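One structure below.
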Amino acid sequence: MKPKPAWARVEQALRKRVERKEPLFGGFFYPTILKAYRRSASAPWVRVAPGSDMVEREVRTLQLLWASVPLEACAAYDRKPGRETFREFYSQFDRRVRDTASGVWSDYAFKCALDVLTLSGKVPDHHLCVWPEGCPAYKKALATMFAKPPASIYEALCFLFYDSAHRHGGKLRFAEVIMHLCWNQKRQAGTLEDTLQTPNHHGER
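Residue numbers (the working numbering): 3 to 207.
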């Protein structure tokens, strides 16, 4: 809802991170790569050439995500927070992201944006009536947790949330529980903290 970001300063900040050999991504997120985009739903698709400047690509990624935010739907939710206004915000945001970006980035970046909104408290859990079910990690993770494929991925995610939140005294947010399903590759590679230090039944490491 704020004015247009100072993209030149964003690019400068990212280049400083590259110069210091710091990662451009947070430790909880995968470095998803934007492969194709367009400026509007009616514009032609532009493919990102392999080997493109990494900082330029990330600035473009952030610009696309920012431009996809439905400001009027955001304002409507602020005026009357609830499940219906969240559903409208979600549907518009999802459609605009998919209209301008393709591939895994569309699934994952949209989910990460919702993670931020829920974990920051901007959107409470009881307003969540829809979620990006197309995130590829969900299908793989749920297949190992359920004897039969669930009829609804969203219902399966809600079941896992309520079960985990209950076992942890109700202190976990929806995004905190569900994001663990996206960490399987990090966990299998041994680069996730809960893999590096796992206590055994005696409490030893």
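All C-beta atoms, glycine included, are put in the ideal place defined by N, C-alpha and C. None of these values were measured; they are calculated from a predicted model.
Using CA coordinates, which residue listed in T87, E13, V71 and R89 is at the minimum distance from R62?
E13
Which value, in whole angstroms, describes the spacing of the CA atoms of S210 and C137?
No information on residue 210 is available, as it lies outside the stretch 3 to 207 that the chain covers here.
Cutting at 6 Å between CB atoms, please list the residues of its own chain near Y156, excluding the five before and the five after it.
W133 and E135
Identify every residue that forms a DSSP beta bridge with V48.
Y39
If you drop the 5 nearest sequence neighbours on each side, which residues of the same chain put their C-beta closer than 8 Å to that of N202?
Reliability of the predicted coordinates at N202 is poor, the pLDDT of 34 falling under 50, and no value is obtained from them.
Between L66, V20, R40 and C76, which has its C-alpha nearest D2's C-alpha?
The chain is shown only over 3 to 207; residue 2 falls outside these bounds and no answer can be derived.
For R175 and R59, what's the separation of their Cα atoms in angstroms?
32 Å
Can you list, in chain order, the residues of its chain whose CB lies under 7 Å from that of S70, leaving out five sequence neighbours each side?
F95, R98, V99 and T102
Would you report the Cα separation of Q65 and W9, rounded to the nearest angstrom?
8 Å
For K142, the first and last residue of its enclosing alpha helix (DSSP H)
K142 -> alpha helix (DSSP H) spans P138 to M147.
In whole angstroms, give me the CA-to-CA distance for R85 and P126.
10 Å
C-alpha distance - L67 paired with L36, whole-angstrom precision:
11 Å
Regarding L130 and the ligand COA, is the C-beta to nearest heavy atom distance less than 6 Å?
This structure does not include the ligand COA; it has no bound ligands of any sort.
Count the other C-beta atoms from every protein chain shown that fall within 10 angstroms of the C-beta of T120, then say buried if there are 16 or more, exposed otherwise.
buried
Going by C-alpha to C-alpha distance, which of K173, W47, V179 and E74 sits closest to S104?
W47
Given a cut-off of 7 Å, decide if R81 and C131 are closer than it, judged by their beta-carbon atoms.
no
Run of the alpha helix (DSSP H) containing E21, from where it starts to where it stops:
First-last of the alpha helix (DSSP H) with E21: W9 to E21.
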